[in-house]
Amino acid sequence: MTSPLPIKFYQTGTFTVGNRLLDVSVRSVQSDSQRNNSLNSGHRACQGCGEALGARYALDAAMRAVNGRLVVANATGCLEVFSTPYPESSWRVAWLHSLFANAAAVGTGMAAAMKVKGRTDVRVIAQGGDGGTVDIGFACLSGMFERNDDVLYICYDNEAYMNTGVQRSSATPAGARTATTPAVGEAPGNVMNQGKNVPLIAMAHFIPYVATASVADLRDLETKVDKAMRVHGARYLHVHVPCPLGWGCDTGDTIKVARLAAESGLYPIFEAEYGEITGRRMIRKRVPVDEYLKLQSRFSHLFKTTEGRARVAQIQAIADRNIARFGLVPEGAPA
Amino acid sequence: MNKPFAITLDIGTSLVNKTGTWRTERPVYVDRLPPCNNACPAGENIQQWLFHAEEGNYEAAWREIMKNNPLPAVMGRVCYHPCEDCCNRAKLDSAVGIHAVERFLGDLAIAQGWNVKAEKPSTGKRVLVVGAGPSGLACAYHLALLGHSVTVHEAGPAPGGMMRFGIPKYRLPREVLDAEVKRIADLGVTFCYNRKVEDLDALMKAERYDAVFLAVGAHLAKRAYIPAGDASKIMDALQLLRGVEAGEQPMLGRRVLVYGGGNTAMDVARSAKRLGAAEAIVVYRRTREKMPAHDFEVQEAMDEGVMFKWLTTITAEKDGEFTVEKMRLDEKGKPQPTGEFETMKADSCVLALGQDVDMSFLKQVKGLTVTDGVVEVGPDMMTGCKGVFAGGDMVPAERTVTVAVGHGKKAARYIDGYLRGATYQAPPKHEVASFDLLNTWYYSDAPATVQPALDAARRTESFDEVVGGLDQSNALFEARRCLSCGNCFECDNCFGVCPDNAVIKLGPGKRFKFNYDYCKGCGMCSTECPCGAIRMEPENI
Ligand SMILES: Cc1ncc(C[n+]2csc(CCOP(=O)(O)OP(=O)(O)O)c2C)c(N)n1
Ligand code: SF4
Ligand SMILES: [Mg+2]
Numbered sequence: 001m002t003s004p005l006p007i008k009f010y011q012t013g014t015f016t017v018g019n020r021l022l023d024v025s026v027r028s029v030q031s032d033s034q035r036n037n038s039l040n041s042g043h044r045a046c047q048g049c050g051e052a053l054g055a056r057y058a059l060d061a062a063m064r065a066v067n068g069r070l071v072v073a074n075a076t077g078c079l080e081v082f083s084t085p086y087p088e089s090s091w092r093v094a095w096l097h098s099l100f101a102n103a104a105a106v107g108t109g110m111a112a113a114m115k116v117k118g119r120t121d122v123r124v125i126a127q128g129g130d131g132g133t134v135d136i137g138f139a140c141l142s143g144m145f146e147r148n149d150d151v152l153y154i155c156y157d158n159e160a161y162m163n164t165g166v167q168r169s170s171a172t173p174a175g176a177r178t179a180t181t182p183a184v185g186e187a188p189g190n191v192m193n194q195g196k197n198v199p200l201i202a203m204a205h206f207i208p209y210v211a212t213a214s215v216a217d218l219r220d221l222e223t224k225v226d227k228a229m230r231v232h233g234a235r236y237l238h239v240h241v242p243c244p245l246g247w248g249c250d251t252g253d254t255i256k257v258a259r260l261a262a263e264s265g266l267y268p269i270f271e272a273e274y275g276e277i278t279g280r281r282m283i284r285k286r287v288p289v290d291e292y293l294k295l296q297s298r299f300s301h302l303f304k305t306t307e308g309r310a311r312v313a314q315i316q317a318i319a320d321r322n323i324a325r326f327g328l329v330p331e332g333a334p335a
Numbered sequence: 336m337n338k339p340f341a342i343t344l345d346i347g348t349s350l351v352n353k354t355g356t357w358r359t360e361r362p363v364y365v366d367r368l369p370p371c372n373n374a375c376p377a378g379e380n381i382q383q384w385l386f387h388a389e390e391g392n393y394e395a396a397w398r399e400i401m402k403n404n405p406l407p408a409v410m411g412r413v414c415y416h417p418c419e420d421c422c423n424r425a426k427l428d429s430a431v432g433i434h435a436v437e438r439f440l441g442d443l444a445i446a447q448g449w450n451v452k453a454e455k456p457s458t459g460k461r462v463l464v465v466g467a468g469p470s471g472l473a474c475a476y477h478l479a480l481l482g483h484s485v486t487v488h489e490a491g492p493a494p495g496g497m498m499r500f501g502i503p504k505y506r507l508p509r510e511v512l513d514a515e516v517k518r519i520a521d522l523g524v525t526f527c528y529n530r531k532v533e534d535l536d537a538l539m540k541a542e543r544y545d546a547v548f549l550a551v552g553a554h555l556a557k558r559a560y561i562p563a564g565d566a567s568k569i570m571d572a573l574q575l576l577r578g579v580e581a582g583e584q585p586m587l588g589r590r591v592l593v594y595g596g597g598n599t600a601m602d603v604a605r606s607a608k609r610l611g612a613a614e615a616i617v618v619y620r621r622t623r624e625k626m627p628a629h630d631f632e633v634q635e636a637m638d639e640g641v642m643f644k645w646l647t648t649i650t651a652e653k654d655g656e657f658t659v660e661k662m663r664l665d666e667k668g669k670p671q672p673t674g675e676f677e678t679m680k681a682d683s684c685v686l687a688l689g690q691d692v693d694m695s696f697l698k699q700v701k702g703l704t705v706t707d708g709v710v711e712v713g714p715d716m717m718t719g720c721k722g723v724f725a726g727g728d729m730v731p732a733e734r735t736v737t738v739a740v741g742h743g744k745k746a747a748r749y750i751d752g753y754l755r756g757a758t759y760q761a762p763p764k765h766e767v768a769s770f771d772l773l774n775t776w777y778y779s780d781a782p783a784t785v786q787p788a789l790d791a792a793r794r795t796e797s798f799d800e801v802v803g804g805l806d807q808s809n810a811l812f813e814a815r816r817c818l819s820c821g822n823c824f825e826c827d828n829c830f831g832v833c834p835d836n837a838v839i840k841l842g843p844g845k846r847f848k849f850n851y852d853y854c855k856g857c858g859m860c861s862t863e864c865p866c867g868a869i870r871m872e873p874e875n876i
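The listed protein sequences derive, respectively, from chains A and B. Residue numbering for the first sequence follows the numbering used here, starting at 1 and increasing by one per position. Residue numbering for the second sequence follows the numbering used here, starting at 336 and increasing by one per position.
Written out as structure tokens, the structure reads:
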């Protein structure tokens, strides 16, 4: 028998949440039975809520990175409403809610207060939904970036105002049906533009760290949170979190849908430091956008008419452009 | 009050809100039947032993095999691995090399001297096993584990049956076979060689056996009548293979015809090359597709330079010239003569036309019925005669070593029940973990480890083993290619992906539990379970 060589193959590698074949030190935060469970059981998020999951993923990773010395400001939205119907709270972190528009500013204030009190050990996260971030809270957010306040802002992007009944936000994707962008007659659902890309706008503030992540890639998300917590100054993390209710997908398919968003190229996952892209998550098994769109009733109208079909082609073009722009498939790989 | 940093409200207060009441479907952990296990004629729990091997826990893996099969090192070499034909991984890249890992474990066990002990206290019951082939050995082994006293009567001079006198050394080195048989003998099984049973009834009475397992194998070669000028030029396959085993150098000459299309024909043709024949030509009456030999054996024979003449029968021999007739397949795929003849020059011809069982010693056994040359048995492997069980080649089934081992195990369980005055109840079969029940996204991509085969030129010169084994590093790699179909392998996905923290992690080896107080029944755990071990079931509402 020849002498054993080091094995570099671990069955599921880091694709799964845990892996019994990997050393404990390199396993995910979520695989740890002692994880913080920052957002605990009993919350009132819908079945299969991606936002509830994304928030626990992100805050558990942050809690580990800063040894539990964390305070969180939360904008109004599902995440706040489903977690804290007074007097119940699901939070196992120091957590504060103020308004819909001002989470970034509250974060700024918390960071300033900690600085004044000399509590350099305590770190600050501000978080909210896409509506609270890319629309109504945007001025506060841009100010926080511009002043380089020591806050990590996390946006949980479910691509509409879910808590008030699925109204369009500027993060709602092309062609999606929402309560305010119905698909009637010639209307395509949401307009066929490419929305507002806040991660790229954040980069334009030249802040230390900007990243996108998804509930479909836990290890990537945890790594980014950990990295963000090791840096000071303004940081931004944009997490893709499917909403079964608003998107009209199966409650068991939340992660699958998020995975297809990334694998089709519609949701590019990357990171940037001081305005320069420094990393990208490569597509592993590229799929046409149809596979993503067809799981969601908010896009079902697109598959019923020839105009709709043409719009699907436009959405495919958006995905292709993302892939080219962010370099999401290796050079020379088949399209 | 003991509250975490900066927390003022009572923490965890949302725990009063039991969201489990929302549920219309509940997830349940299941163990589905992996397709490999389902296909294994010996009933091995392949997924389970690979699970241990994945962790490098080779001894536990080997012990898991030994629960069902006492011959892992043999099996890893000679089994036609129907498990791999059904392996779900084949739909991703290629099947897990199950036989290669099994062989590695079997060889490691021999090298390390691992042994097994009887599981049950001695019952004082005596069982006779007739035949020390794979079926008899397996039955003796399982009966010994169950506490019975077993004696094996074997007509030949050594154990193994067709594993010794049919399968050539280049497929199964004899030291491997001997080591695995010795382990069975060490369990207390008595072996009597050169002891052909002539009168079963008399023997059972004389030596006071409580039950008997018949596993005599098929050793009588089927013959075809070929008028020959020189009868010594025509011999049968078993005669040849037995001779080689005994160290003889049969006079085959330069050019050898092998008549038949089964695995034995391949064994003979490949052995003929090793015995110095320059040309070995397999003559078969149908086509390659219709050949009963396994495809990889045909391929290996071709690689070694064995030639094939399809759609041909041999009709006569005169002065080293064989007259052959061309055949054609009719609509039913049956070969029909065409009346077109030609001649082939050859120095000898080996008949590999199949084998029959010698049933002469069963004539006096009351109640036992023989139909089409095989003994009829019930689902419990018992013949028409009470207490007389049978298995292997002598009962109606596919004739392979693995099927025989499976019969031996199955019979042992029923014999044990019979001896204890009860009926063995086989556990219910679980639903098969088919490919569509898996979420294969989660498995890393990995090519198959190819066994280092000796190159074809070297192969034909000796009876050295043809296919090489795995070593520690690539055996582990190969084991880890297993998808663990239908059975939890503790990847933590359910524990991680639940938005409601409703999965409880019980610790290594203990798997998980659902907390139905909070589980809303979204089904994410089930969708994201890589191996299909979570089923959603409707709630009674
Ligand atoms: C100033 C103000 N306008 C409107 C609302 C009503 N409101 C509460 S939550 C919400 C939508 C939140 O959407 P988003 O930020 O995307 O979070 P989601 O619920 O989708 O997670 C709205 C419009 C409010 N609370 N405050
Ligand atoms: S509406 Fe959407 S975001 Fe809000 S709780 Fe339900 S699933 Fe989560
Ligand atoms: Mg939203």
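Where a beta carbon is used, it is the ideal one built from N, C-alpha and C, also for glycine.
Cβ pair isoleucine 207 of chain A, phenylalanine 138 of chain A closer than 8 Å: Within the first sequence, the letter at position 207 stands for residue 207 of chain A. Within the first sequence, the letter at position 138 stands for residue 138 of chain A. Contact flag unset, no.
Cβ-based neighbour list, threonine 737 of chain B, same chain, cut-off 6 Å, excluding 5 preceding and 5 following: Counted from its first residue, the second sequence places residue 737 of chain B at position 402. Taken in chain order, the residues that qualify are Pro376, Ala377, Cys414.
Any non-hydrogen atom of ligand 1 closer than 7 Å to leucine 53 of chain A Cβ: As a first step, residue 53 of chain A must be located in the first sequence, where it is residue number 53. No - ligand 1 has no heavy atom lying nearer than 7 Å to the Cβ of leucine 53 of chain A.
Contacts that histidine 17 of chain A makes with chain B (C-beta to C-beta distance below 9 Å): Reading the first sequence from its first residue, position 17 is the one you call residue 17 of chain A. The question names histidine, but residue 17 of chain A in the sequence shown is valine. Neighbours of valine 17 of chain A across chain B, judged by C-beta separation under 9 Å: Cys826, Asp827, Asn828, Cys829, Phe830, Gly831, Val832, Glu863.
Any beta strand (DSSP E) of 3 or more consecutive residues that is wholly inside the stretch 97-176 of chain A: Listed in chain order, they are 123-129, 151-157.
CA nearest to the CA of proline 417 of chain B, picked from B/Val436, B/Cys371, B/Met401: On the second sequence, residue 417 of chain B is found 82 positions in, with the first residue counted as 1. When only C-alpha atoms are compared, the closest one is B/Cys371.
Within 8 Å, strictly: CB atoms of tyrosine 505 of chain B and arginine 609 of chain B: In the second sequence, residue 505 of chain B corresponds to position 170, counting from 1. In the second sequence, residue 609 of chain B corresponds to position 274, counting from 1. Yes, they are a contact pair.
Limits of the unbroken beta strand (DSSP E) element including serine 89 of chain A: Your numbering for residue 89 of chain A matches position 89 in the first sequence. Looking at the DSSP string, serine 89 of chain A is not in any beta strand (DSSP E), and its letter there is neither H nor E.
Endpoints, the alpha helix (DSSP H) within which histidine 434 of chain B is located: Within the second sequence, numbered from 1, the residue matching residue 434 of chain B stands at position 99. First-last of the alpha helix (DSSP H) with histidine 434 of chain B: 433-447.
beta-carbon methionine 859 of chain B near ligand 2 non-hydrogen atom, thresh 7 Å: Locating residue 859 of chain B in the second sequence gives position 524, counting from the first residue. The answer is no for methionine 859 of chain B.
For histidine 387 of chain B, the first and last residue of its enclosing alpha helix (DSSP H): As a working note, residue 387 of chain B is residue 52 in the second sequence. Element bounds for histidine 387 of chain B: 381-389.
Any chain B beta carbon closer than 8 Å to cysteine 243 of chain A: The sequence position of residue 243 of chain A within the first sequence is 243, counting from 1. Chain B contact via Cβ: absent.
8 Å contact criterion, which glutamate 733 of chain B and arginine 361 of chain B should meet: CB distance rounded: Reading the second sequence from its first residue, position 398 is the one you call residue 733 of chain B. Reading the second sequence from its first residue, position 26 is the one you call residue 361 of chain B. Rounded, the Cβ-Cβ distance is 42 Å, inconsistent with contact.
Opposing strand residues paired with asparagine 809 of chain B [DSSP bridges]: Taking the second sequence and counting its residues from 1, one reaches residue 809 of chain B at position 474. Its beta-bridge partners do not exist; DSSP assigns none.
Residue span of the beta strand (DSSP E) that contains methionine 642 of chain B, given as start and end: On the second sequence, position 307 is the one that residue 642 of chain B refers to. Taken as a continuous stretch (DSSP letters only), the beta strand (DSSP E) holding methionine 642 of chain B covers 642-644.
Beta carbon proximity, histidine 240 of chain A to chain B, threshold 8 Å: As a first step, residue 240 of chain A must be located in the first sequence, where it is residue number 240. So, not an interface residue.
Counted within 10 angstroms of its Cβ, other Cβ atoms place glutamate 677 of chain B as buried (16 or more) or exposed: For the purposes of this step, residue 677 of chain B is taken as the residue at position 342 of the second sequence. Glutamate 677 of chain B is exposed by the Cβ-count criterion.
Min CB distance phenylalanine 303 of chain A to chain B below 8 Å: As a working mapping, residue 303 of chain A is identified with position 303 in the first sequence. No, because no Cβ of chain B sits closer than 8 Å to the Cβ of phenylalanine 303 of chain A.
Proximal residues to isoleucine 445 of chain B (C-beta, below 8 Å), its chain only, five neighbours per side dropped: What you label residue 445 of chain B is simply residue 110 of the second sequence in a count that begins at 1. Excluding sequence neighbours, isoleucine 445 of chain B sits near Ala408, Val511, Ala514, Glu515.
Per-residue burial, lysine 667 of chain B [other beta carbons within 10 Å of its own, 16 or more giving buried]: Against the second sequence, residue 667 of chain B aligns to sequence position 332. When all chains shown are included, lysine 667 of chain B counts as exposed.
Cutoff 8 Å: aspartate 217 of chain A Cβ touching any chain B Cβ: Residue mapping note: residue 217 of chain A aligns to position 217 of the first sequence, counting from 1. By this cut-off, aspartate 217 of chain A is not an interface position.
First through last residue of the alpha helix (DSSP H) which encompasses isoleucine 269 of chain A: In the first sequence, counting from the first residue as 1, residue 269 of chain A sits at position 269. First-last for isoleucine 269 of chain A: undefined, no H or E at that position.
Distance cut-off 7 Å: glycine 77 of chain A Cβ against heavy atoms of ligand 3: Counted from its first residue, the first sequence places residue 77 of chain A at position 77. True, at least one ligand heavy atom lies under 7 Å from that Cβ.
Proximal residues of chain A, C-beta to C-beta of tyrosine 778 of chain B below 8 Å: Locating residue 778 of chain B in the second sequence gives position 443, where the first residue counts as 1. What tyrosine 778 of chain B touches in chain A: Gln11, Thr12, Phe15.
Stretch-stretch touch, CB-based, cutoff 8 Å, three pairs: the stretch 50-60 of chain A with the stretch 70-86 of chain A: yes
Beta carbon proximity, serine 25 of chain A to chain B, threshold 8 Å: The residue labelled residue 25 of chain A in the question sits at position 25 within the first sequence. Taking Cβ atoms only, chain B never reaches closer than 8 Å to serine 25 of chain A, which makes this a no.
Sub-8 Å separation of valine 151 of chain A and alanine 174 of chain A beta-carbons: Here residue 151 of chain A refers to the residue found at position 151 of the first sequence. Here residue 174 of chain A refers to the residue found at position 174 of the first sequence. Going by C-beta atoms, valine 151 of chain A is not nearer than 8 Å to alanine 174 of chain A.
Beta bridge counterpart(s) of leucine 549 of chain B as assigned by DSSP: Taking the first residue of the second sequence as position 1, residue 549 of chain B is located at position 214. DSSP, once it has assigned bridges, lists B/Val465, B/Ala725 as partnering leucine 549 of chain B.
Cysteine 155 of chain A, buried or exposed, once every other Cβ within 10 Å from all chains shown has been counted against 16: Within the first sequence, residue 155 of chain A is the residue found at index 155, counting from 1. It counts as buried.
Under the three-state DSSP convention, the category glutamine 574 of chain B falls into: Position 239 of the second sequence, counting from 1, holds the residue named residue 574 of chain B. Here glutamine 574 of chain B sits in helix by DSSP.
Buried/exposed call for proline 834 of chain B, threshold 16 Cβ in 10 Å: To locate residue 834 of chain B, count along the second sequence from 1; it is residue 499. Burial call: buried.
Exposure of glutamine 382 of chain B, with buried meaning 16 or more beta-carbon neighbours within 10 Å: The residue you call residue 382 of chain B lines up with position 47 of the second sequence. Result: buried.
Closer than 7 Å: alanine 435 of chain B CB and nearest ligand 1 heavy atom: Taking the second sequence and counting its residues from 1, the one referred to as residue 435 of chain B is at position 100. No, the Cβ of alanine 435 of chain B stays beyond 7 Å of every heavy atom of ligand 1.
Buried/exposed call for aspartate 707 of chain B, threshold 16 Cβ in 10 Å: The count along the second sequence starts at 1 and reaches residue 707 of chain B at position 372. Answer is exposed; the Cβ neighbour count stays below 16.
The stretch 715-723 of chain B / the stretch 737-751 of chain B touching (three or more Cβ pairs under 8 Å): yes
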